[in-house]
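Have a look at the structure below before the remarks.
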Amino acid sequence: EEEEEEEEEEEDEEVDDDVDSGSALPDLEGSTISSIDDLIGFAQAKAREKAKETKGSDKTAGGGTWEDENWANPVPHVDETTGKMLDFNDLLEGGVVLIANPAKFCSDLVDDKPKSKGKGNSILGGLFDDPFPTSQFSKLTNSISPALLAKFGITLPPSPDLGPDRRADLLPVVLFIDRDPLMGCQAVLMNRRTGNLMGDLPPSIFETAAGDNTGDGNEYTPHPLSAFMIQPLWWAGSSPGGNIMEDEGNPSNRGGGLKAIDMVHACPYVNGSVPLAKSDGLYWGGNPVQAQEAMKDSRLEKPLSGFDFKFFIQTTRWLPSQLEQEIKDGTWYVATVSKEVLFRSRDRLGAKRAKPLWTEIIELLGDDYKHIRDKLYGEED
Numbered sequence: 022e023e024e025e026e027e028e029e030e031e032e033d034e035e036v037d038d039d040v041d042s043g044s045a046l047p048d049l050e051g052s053t054i055s056s057i058d059d060l061i062g063f064a065q066a067k068a069r070e071k072a073k074e075t076k077g078s079d080k081t082a083g084g085g086t087w088e089d090e091n092w093a094n095p096v097p098h099v100d101e102t103t104g105k106m107l108d109f110n111d112l113l114e115g116g117v118v119l120i121a122n123p124a125k126f127c128s129d130l131v132d133d134k135p136k137s138k139g140k141g142n143s144i145l146g147g148l149f150d151d152p153f154p155t156s157q158f159s160k161l162t163n164s165i166s167p168a169l170l171a172k173f174g175i176t177l178p179p180s181p182d183l184g185p186d187r188r189a190d191l192l193p194v195v196l197f198i199d200r201d202p203l204m205g206c207q208a209v210l211m212n213r214r215t216g217n218l219m220g221d222l223p224p225s226i227f228e229t230a231a232g233d234n235t236g237d238g239n240e241y242t243p244h245p246l247s248a249f250m251i252q253p254l255w256w257a258g259s260s261p262g263g264n265i266m267e268d269e270g271n272p273s274n275r276g277g278g279l280k281a282i283d284m285v286h287a288c289p290y291v292n293g294s295v296p297l298a299k300s301d302g303l304y305w306g307g308n309p310v311q312a313q314e315a316m317k318d319s320r321l322e323k324p325l326s327g328f329d330f331k332f333f334i335q336t337t338r339w340l341p342s343q344l345e346q347e348i349k350d351g352t353w354y355v356a357t358v359s360k361e362v363l364f365r366s367r368d369r370l371g372a373k374r375a376k377p378l379w380t381e382i383i384e385l386l387g388d389d390y391k392h393i394r395d396k397l398y399g400e401e402d
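Count along the sequence shown from 1, add 21, and you get the number used in the numbering used here.
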């Protein structure tokens, strides 16, 4: 009996040692979980393993490492040998991502800062200065295009007082949808929430797509978008969304939404959706009501969830050649970005603020873009 009591005491001590270990969570299969990002990465790895077992093979849809699902690659738009711009027909295809250059949105980061007119150390040097000088801040602010800011719902250049993360949240990241020589370009802003959920929308908006669900008035009728009730509604830009043009052959209008509700998603079986050729398996548009059935289609490698869909009101549009000129002027960096990065939830987790989409993409683009991040963040981590 004494030996059994000693063994039980030893087991209790081992448990206490585990509880008192320095990590936030115990070691799980060799992976020390000490942060939210670690936990998400571990959960994704377990999901891939489960998918592999379900498929009964070594082939998975998302690859085998965190890097396989979380990436961003720059798309060059200048020929390195000749210095000439590449063909925009090849550059601007559906699915590329445009990342804002902070120097075009933040007045304190403007590249061409006004230089002071030095007059040496002469005693008379300041006698003929403008008695009512324009402040340097005003000059810098005037160098930022108000029209460019307004296109993305920004009234004034984001001030340093906001802090780097909040400024990064305001810097646009847009998913390119389509380029038409007559109508211009269309994209959706990926990092601006409206504050509403899909479940906040009245069911009557979707009655046509759901079919005639009218009953005797006494029976319960579920919301037409019950699978998407908790999904955020995103603000895609300052231009009208939905099918605003009559050209049914234009990809930017096919399935362009229902009652001005558009969506980007990862399901190839949504009726009326259009593949975004340069994306990481994303599609534009389609019927959101029918999408609830399509997301469970047996042909899918794995069932999808509501988190594989993003819903938008409004859109972002440029006149013909307008976006091309902005790219030439250095307003945008062009890249391809993984679906995992674009769709990641960035809600605040307790006291920890989620990393802004703009920041994560710039970091994933590599060392050549590090100085751009450092411009905004400076010495702050």
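Every residue gets a Cβ at the ideal spot worked out from N, C-alpha and C, and that includes glycine. Treat the numbers as computed from the prediction; the structure is a model and nothing was measured.
Bridge partners of Thr337, per DSSP? Ala208
Short Cβ contact (9 Å threshold) for Lys396 with Ala124: yes
What does DSSP give as the partner residues of Lys331 in its beta bridges? Val285
Given a threshold of 16 other Cβ atoms within 10 Å of its Cβ, counted over all protein chains shown, does Leu145 qualify as buried or as exposed? For Leu145, the pLDDT reaches just 44, beneath the cut-off of 50, and the residue's location in the model is therefore unreliable, leaving the point undetermined.
Can the beta-carbon of Ala171 be found less than 9 Å from the beta-carbon of Ser225? no
Near Trp353, which residues of its chain fall below 7 Å by C-beta distance, leaving aside the five closest residues on each side in sequence? Leu119, Ile120, Ala121, Asn122, Glu347
Can you find the residues in the same chain that come closer than 8 Å, C-beta to C-beta, to Asp318, ignoring five residues on each side of it along the sequence? Cys288, Tyr290
Tyr290, DSSP secondary structure in three states: coil
Return helix, strand or coil for Asp79, following the three-state DSSP convention. Note on Asp79: pLDDT 41, under 50, position unreliable in the model; the coordinate value appears next. Reduced to three states, the DSSP call for Asp79 is coil.
Return the chain-ordered ranges of every alpha helix (DSSP H) run that is complete within the segment 88-116 and spans a minimum of 4 residues. 109-112
Give me the Cα-Cα distance between Leu113 and Thr242, rounded to the nearest whole angstrom. 44 Å
Boundaries (first-last residue) of the alpha helix (DSSP H) holding Arg188: 185-191
Kindly indicate the opening and closing residues of the alpha helix (DSSP H) around Gly394. It is worth fixing the name first, because residue 394 is Arg in this sequence and not Gly. Here the alpha helix (DSSP H) through Arg394 covers 391-398.
Report the three-state DSSP secondary structure of Leu325 (helix, strand or coil). coil
Whether or not the segment 100-115 and the segment 187-203 are in contact is what I'm after, with contact meaning three or more pairs of Cβ atoms, one per stretch, closer than 8 Å; do they touch? yes
Just how far apart, CA to CA, sit Glu88 and Asp221? 36 Å
Taking 8 Å as the limit between beta carbons, can you name the residues of its chain near Pro324, skipping five residues before and five after? Met316, Lys317
Nearest-angstrom Cβ-Cβ length linking Asn94 and Thr357, presumed shorter than 8 Å: 5 Å
Suppose the cutoff is 7 Å on Cβ atoms and the five residues either side in sequence are ignored; what does the same chain contact list for Ile383 look like? Ile120, Tyr390, Ile393, Arg394
How is the beta strand (DSSP E) around Leu405 delimited, first residue to last? This structure cannot settle anything about residue 405, because the visible part of the chain is limited to 22 through 402.
What did DSSP end up calling Val362 once you bin it into helix, strand or coil? helix
Only counting the same chain, and skipping five residues up and downstream in sequence, which positions put a Cβ closer than 6 Å to that of Gly327? Ala248, Phe249, Gln252
Beta-carbon within less than 8 Å of Trp255's beta-carbon, same chain only, minus the 5 sequence neighbours each way: which residues are those? Val209, Leu210, Met211, Arg213, Arg214, Thr215, Lys331, Phe332, Phe333, Ile334
I need the boundaries of the alpha helix (DSSP H) containing Ala168, first residue and last residue. 167-172
For Lys125, which beta-bridge partners are listed by DSSP? DSSP lists no partner for Lys125.
Beta-carbon within less than 7 Å of Asp132's beta-carbon, same chain only, minus the 5 sequence neighbours each way: which residues are those? Ala124
Same chain only: Cβ atoms within 7 Å of Ala189, ignoring 5 sequence neighbours per side: Pro377, Trp379, Thr380, Leu397
So what does Trp255 bridge to, in DSSP terms? Arg214, Phe333
Hey, Ser359 and Asp301 are a contact pair by Cβ (cut 8 Å); roughly how many whole angstroms apart? 5 Å
Return yes when the Cβ of Phe173 is within less than 9 Å of the Cβ of Thr336, no when it is not. no
If Gly262 sits next to Met284, beta carbons under 8 Å apart, how far is it from one beta carbon to the other, in whole angstroms? Between Met284 and Gly262 the Cβ distance is about 11 Å, and since that is not below 8 Å, they are no contact.
By how many angstroms is the C-alpha of Asn292 removed from the C-alpha of Val310? 10 Å
For Val295 and Phe227, what's the separation of their Cα atoms in angstroms? 21 Å
Determine the closest residue to Val96 out of Met219, Pro178, Leu321, Val355, with distance taken between C-alpha atoms. Val355
How big is the Cα-Cα spacing for Pro179 and Pro341? 28 Å
Reference Lys6, options Asp111, Thr103, Asp100, closest by Cα: Given that the chain is displayed from residue 22 to residue 402, the structure contains no residue 6 and the question cannot be resolved.
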